[in-house]
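Chemist:
There are 2 protein chains.
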Amino acid sequence: MIIEYDGTDFAGWQRQDGAVSTVQGEIEAVLRRILQEAVSITGAGRTDKGVHAMGQAASFMTGSSMEAGRLCHSLNSLLPSSIRIMSLIDVDGDFHARYSALSRQYRYMLRQRESAIFRRFSGYDRASHDLDQLNSRASVLLGRHDFKAFSKSGSDTRTTCCTVSEAQWFREKEFLVFQISANRFLRSMVRYLVSATLRFSGEEISYALVSRQPIKGLLPADPAGLFLWEIGYASAG
Amino acid sequence: MIIEYDGTDFAGWQRQDGAVSTVQGEIEAVLRRILQEAVSITGAGRTDKGVHAMGQAASFMTGSSMEAGRLCHSLNSLLPSSIRIMSLIDVDGDFHARYSALSRQYRYMLRQRESAIFRRFSGYDRASHDLDQLNSRASVLLGRHDFKAFSKSGSDTRTTCCTVSEAQWFREKEFLVFQISANRFLRSMVRYLVSATLRFSGEEISYALVSRQPIKGLLPADPAGLFLWEIGYASAG
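Protein chains in written order, with my numbering: chain U, 19 to 255; chain F, 19 to 255.
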């Protein structure tokens, strides 16, 4: 399934114990109610608290033979309006939303003026920025690097290397938009890279990649501006 | 001052007694706190519960000599993030945000697919619509008419005549947008006109204007999609 969500009021994607509301937890609870069986879903990417998704992908196994279109409709009638299932299809048994994904694309929306309307879906930075300069800094990220310096400490992953295939800033209406694609991302990595390209030089960013040492004073950008935009698969799955 | 607000969590523009939160009430409370005097502000238009504004205008009198830029900054630091003062300037004593306004412009955003992100700022209608047909219906509204049939019954106004100078539907990205300008609007009028042009013929709309009788089954569109877009004044005020 492809899922769009407004992450503002969720403690991120990943299911948590207790009364904490997460996107995965909400969808699993509704699936259990519809299918009358325990269902565990796998997301292609884990988003942090407050981060949104336009095209999160997730897969699950079920013994039910309910038709996919009907299940999608039932899910949307029972889920909160902040989570919408955009599509749901049957896939081969060897498809896995996480392991079958070849790439993840994120977008960060940055507004440069106060806004009551866009505050929920954008970060705010009143400083003026030169697009060429931002893109020259962003280009340093392309290729395979160790991004340990740009991840939340304590993330337990086997490796901190990622291959970035796209990293660019562009203007869209009144927003500055950062778009980045990679085979994988570390925890909070995109938000660190947004702040880094806005505030630090290409040399400083390069040095952090090589040294694996965080840049002093670098804080992750406001999660409100971040969207998991699209997951790339080899075929339609 | 020009005000942008996310109306989702407010009971409309107009101040109300009791614990009900309104945009006017919030701004007046903060102004009183900053200026240390009772301040009553006048808005150019009153928006219903849940309706947003990109360019609401409001004026007030004060005995304070605080510099406008500083006052604007103080207001934004104390107001909730769902209300932002975009600008604030000194005006002549005979300026009145409501009576000096020559025109009001509203926009209605209609999405045609489910969306977790845009639900807060758009109405939803999955039916497909022909833009030419919508605009042919909208053209019936142009000029001076009695809009009693398209207003909330019980609105107490001296007259129900309004002069509409612009009424059109257009596409903007994935949205259908209705834009309408008039010298004045009746309560809930834009939301009734949105539903009317989407669902009823030009003849039915014309007949309702002439007969002053509501169209049977016509309900106002979801307030989430409506924005008070801009107020027109003769000069910069």
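For each residue, glycine too, the CB sits at the ideal point set by N, CA and C.
1) Can you pull the DSSP bridge partners for Ser199 (chain F)?
2) 7 Å is my cut-off, CB to CB: does Ser100 (chain F) come that close to chain U?
3) In this structure, does DSSP put Gly255 (chain F) in helix, strand or coil?
4) Hey, how far is the Cα of Arg205 (chain U) from the Cα of Ala29 (chain U)?
5) Residues of the stretch 52 to 70 of chain U in Cβ contact with chain F at a cutoff of 8 Å, in chain order, please.
6) Use the C-beta contact count for Val208 (chain U): other C-beta atoms within 10 angstroms, 16 or more gives buried, fewer gives exposed.
7) Measure the C-alpha to C-alpha separation of Phe113 (chain U) and Leu89 (chain U) and round it to an integer number of angstroms.
8) Quick one: using the 10 Å Cβ neighbour count with 16 as the cut-off for buried, is His70 (chain F) buried or exposed?
9) I'd like to confirm the pairing. Which residues does DSSP put opposite His163 (chain U) in its beta bridges?
10) Name, please, each residue of chain U whose Cβ falls closer than 7 Å to the Cβ of Asp24 (chain F).
11) Strictly below 8 Å CB to CB, what residues from chain U border Met207 (chain F)?
12) Could you check the C-alpha separation between Ser82 (chain F) and Trp31 (chain U) for me, to the nearest Å?
13) Among U:Gly161, U:Val182, U:Tyr126, which residue has its Cα nearest to the Cα of Gly68 (chain U)?
14) Could you check where the alpha helix (DSSP H) with Gln130 (chain U) kicks off and where it finishes?
15) Between the stretch 85 to 99 of chain F and chain U, which residues of the former have CB atoms less than 8 Å from a CB of the latter, in chain order?
16) With distances taken Cα to Cα, identify the nearest neighbour of Ser99 (chain U) among F:Gly61, F:Phe139, F:Pro98, F:His91.
17) Output the distance between the C-alpha atoms of Thr215 (chain F) and Gly243 (chain F), rounded to the nearest integer angstrom.
18) At a Cβ cut of 7 Å, what residues of the stretch 26 to 38 of chain U count as close to chain F, listed as they run along the chain?
19) With Met207 (chain F) as the anchor, note down where its alpha helix (DSSP H) starts and where it stops.
20) Between Gly43 (chain F) and Arg33 (chain F), how many whole angstroms is the CB-CB distance? I'm expecting something under 8 Å.
21) Which same chain residues end up closer than 8 Å to Tyr23 (chain F) when comparing Cβ atoms and leaving out the 5 residues on each side of it in sequence?
Modeler: Reading it off the structure:
1) Looking up residue 199 (chain F) in the second sequence gives position 181. Ser199 (chain F) pairs with F:Gln123, F:Glu184.
2) Translated into positions along the second sequence, residue 100 (chain F) becomes position 82. Interface residue, yes.
3) Sequence index remark: in the second sequence, residue 255 (chain F) carries index 237 (1-based). Confidence in Gly255 (chain F) is poor, its pLDDT being 42 and thus under 50, which makes the residue's placement unreliable; the coordinate value appears in the next sentence. In the structure shown, Gly255 (chain F) sits in coil (DSSP, three-state: anything other than H, G, I, E or B).
4) Residue numbering aside, residue 205 (chain U) sits at position 187 when the first sequence is read from its first letter. Residue numbering aside, residue 29 (chain U) sits at position 11 when the first sequence is read from its first letter. CA-CA distance, Arg205 (chain U) to Ala29 (chain U), rounds to 14 Å.
5) Only His70 from the stretch 52 to 70 of chain U bring a Cβ to less than 8 Å from some Cβ of chain F.
6) Against the first sequence, residue 208 (chain U) aligns to sequence position 190. So Val208 (chain U) ends up on the buried side.
7) One-based indexing of the first sequence puts residue 113 (chain U) at position 95. One-based indexing of the first sequence puts residue 89 (chain U) at position 71. Cα-Cα distance, rounded: 19 Å.
8) As a first step, residue 70 (chain F) must be located in the second sequence, where it is residue number 52. The Cβ neighbour count for His70 (chain F), taken over all protein chains shown within 10 Å, is at least 16; the residue is labelled buried.
9) As a working mapping, residue 163 (chain U) is identified with position 145 in the first sequence. His163 (chain U) is bridged to U:Cys180.
10) For the purposes of this step, residue 24 (chain F) is identified with residue 6 of the second sequence, where counting begins at 1. Going along chain U in sequence order, the residues near Asp24 (chain F) (Cβ under 7 Å) are Ala134, Ile135.
11) As a working mapping, residue 207 (chain F) is identified with position 189 in the second sequence. By Cβ distance, chain U contributes nothing, its closest Cβ being about 22 Å from Met207 (chain F), past 8 Å.
12) Sequence index remark: in the second sequence, residue 82 (chain F) carries index 64 (1-based). Sequence index remark: in the first sequence, residue 31 (chain U) carries index 13 (1-based). So the alpha carbons of these two residues sit roughly 50 Å apart.
13) On the first sequence, residue 68 (chain U) is found 50 positions in, with the first residue counted as 1. Nearest C-alpha to Gly68 (chain U): U:Tyr126.
14) Position 112 of the first sequence, counting from 1, holds the residue named residue 130 (chain U). For Gln130 (chain U), there is no enclosing alpha helix (DSSP H), as DSSP marks it with neither H nor E.
15) Cβ contacts with chain U: Asn94, Ser99.
16) If you number the first sequence from 1, residue 99 (chain U) lands on position 81. Among F:Gly61, F:Phe139, F:Pro98, F:His91, the Cα nearest to that of Ser99 (chain U) is on F:Phe139.
17) Locating residue 215 (chain F) in the second sequence gives position 197, where the first residue counts as 1. Locating residue 243 (chain F) in the second sequence gives position 225, where the first residue counts as 1. So the two alpha carbons sit approximately 15 Å from each other.
18) Listed by position, the residues of the stretch 26 to 38 of chain U near chain F (Cβ gap below 7 Å) amount to none.
19) The residue labelled residue 207 (chain F) in the question sits at position 189 within the second sequence. Here the alpha helix (DSSP H) through Met207 (chain F) covers 207 to 217.
20) Position 25 of the second sequence holds residue 43 (chain F). Position 15 of the second sequence holds residue 33 (chain F). So it is a contact: roughly 5 Å between Cβ atoms.
21) Here residue 23 (chain F) corresponds to residue number 5 of the second sequence, with the count starting at 1. Cβ neighbours of Tyr23 (chain F) within its own chain (closer than 8 Å, five residues either side excluded): Val41, His70, Ala71, Gln74, Ser100, Ile101, Arg102.
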